[in-house]
Amino acid sequence: MTSFRALFFRGKPDAGYSRAKRSGKKSYHELAHERFKFIRILFVLGIAGFLILLTGVIITLGPLDISVLDSYSALLARFWPEQFYVDELTSRVVWNIRFPRIMGGIMAGFGLGICGCVMQAVLKNPLASPFTLGITAGAQFGISLAAVIGFSFLAGPYFIIGNAFLCALFCSLFIIGLAAIKGATSENLVLAGIAVNYFFTAISQLLKYFATDEQLRLMTNWGMGDLAAFSWTNSRILLAIFVICIPLLMTKCWDLNIMTAGDETAKSIGVNAEKTRIFIMVVSSLLVATIVSFMGTIAFVGLVAPHMARMVIGGDHRFLIPASGVLGALVLMSADAAGMNLIAPTIIPTGIMTSIVGVPFFMYLMMKGKRKEFWT
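Counted the way my numbering counts, the sequence shown spans residues 37 to 412.
Here's what the structure looks like:
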């Protein structure tokens, strides 16, 4: 059987590699690979540690004076009350007001970062993301449908959220179905996403034209994205979807590595590129639909985070997927903290802050040279 090295490295192995294999010692290339692997793991763990540190700092931002030590004590006291103690007011503010918003930012940023990473991989398009492919446009249409016409697929407390979720999921499945008619190639999926994006955006704008002031305010506020909508009740649903979707995406990391070489190469190795592409789009669309239904439209996180990770650790999706998720959480948390404190007490919606950060990076990607440079 052809070895992995022979598949991805042309030419004969160098003399040092051959001698090392005969002597049982590791070659220079193998040692360099292991060293780079260690650096990747260290990078992911480092930004995860920084995320924990940033959580304690962000909790201190607000009208109530809370120290970093008190913020960590309030979090740990919930699990170990005998070892950690804070006053009742601090505990309530941390657990009921500040920490839920931070957890919402972590979960939403992590999910959007991962979805942006796998979408860019299967579509081989550096500008692919849940926002640019029109999935959020479907969610916006669901909100507009509930606000203006009063129609909803679900009743009760999920009157609006249910519409956003189902319409976003329908939009993504429609993109996949439309592309499957002509073959689920990356080009067809991108073109279908652009078409659906324009279509649902146009219908949402039409409904806004007939909306009252109150209805228009609801649609506008939701379209800006806001982590304040997150609560501990929502976290159970999000956590359940995360537990299902993220392991499924991680199982395809080797297939994604192979698919970056092209569909024909993947097919020759035994990877069905079209089936893998559809599977990843369905799973990631479910995750994105859940996030945007609770927190609104949050743009550019799914676009920026994977490229930031790729610039540091390369394109190995075993490390790139978790790194994109953690960096997405870091970007979204930082943007939300800036929006809350930049012109306090006025709070800038999270979606606006992520767009302010993301647009310059988006333009940089568009102006960058050859397309292949995105994947080096």
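We put the CB at the ideal spot given by N, CA and C, even for glycine.
Under three-state DSSP, which class holds residue i?
i, result
"residue 334", "coil"
"residue 43", "Note that residue 43 has pLDDT 37, beneath the 50 cutoff, so the model's placement of it is unreliable and no number is given."
"residue 412", "Confidence is the limiting factor: at residue 412 the pLDDT is only 48, short of 50, which leaves the residue's position unreliable and the question unanswerable from this model."
"residue 379", "strand"
"residue 407", "Because residue 407 sits at a pLDDT of 49, beneath the cut-off of 50, its placement in the model cannot be relied upon, and the following sentence gives the value as read from the coordinates. In this structure, residue 407 counts as helix in the three-state DSSP scheme."
"residue 400", "helix"
"residue 119", "coil"
"residue 168", "coil"
"residue 73", "helix"
"residue 106", "helix"
"residue 161", "coil"
"residue 91", "helix"
"residue 100", "coil"
"residue 114", "coil"
"residue 352", "coil"
"residue 374", "helix"
"residue 384", "coil"
Pull up the distance between the alpha-carbon of residue i and that of residue j, whole angstroms please.
i, j, result
"residue 338", "residue 167", "8 Å"
"residue 395", "residue 336", "8 Å"
"residue 127", "residue 114", "9 Å"
"residue 332", "residue 79", "30 Å"
"residue 326", "residue 199", "11 Å"
"residue 389", "residue 75", "31 Å"
"residue 245", "residue 311", "41 Å"
"residue 330", "residue 309", "32 Å"
"residue 322", "residue 400", "29 Å"
"residue 376", "residue 352", "36 Å"
"residue 97", "residue 132", "15 Å"
"residue 169", "residue 230", "6 Å"
"residue 264", "residue 238", "28 Å"
"residue 286", "residue 153", "11 Å"
"residue 72", "residue 194", "47 Å"
"residue 393", "residue 242", "29 Å"
"residue 146", "residue 363", "7 Å"
"residue 378", "residue 94", "13 Å"
- Counting only runs that start and end within the segment 237-324, where is the alpha helix (DSSP H) found for 4 or more residues in a row? 249-260, 268-286, 289-295, 299-305
- Query: Looking at C-beta atoms only, is the number of pairs between the segment 134-142 and the segment 294-314 that lie closer than 8 Å three or more?
  - Reply: no
- Query: Does the segment 169-180 come within contact of the segment 371-381, defined as at least 3 CB pairs closer than 8 Å?
  - Reply: no
- Touching by the beta-carbon criterion (3+ pairs, under 8 Å), the segment 349-368 and the segment 76-93: yes
- Query: Are the segment 223-237 and the segment 146-166 in contact at 8 Å, needing three or more beta carbon pairs?
  - Reply: yes
- the segment 207-218 touching the segment 310-326, judged by at least three CB pairs closer than 8 Å: yes
- Query: Are the segment 251-259 and the segment 275-282 touching by the rule of at least three beta carbon pairs closer than 8 Å?
  - Reply: no
- Whole beta strand (DSSP E) runs in the segment 180-230 with 3 or more residues, listed along the chain? none
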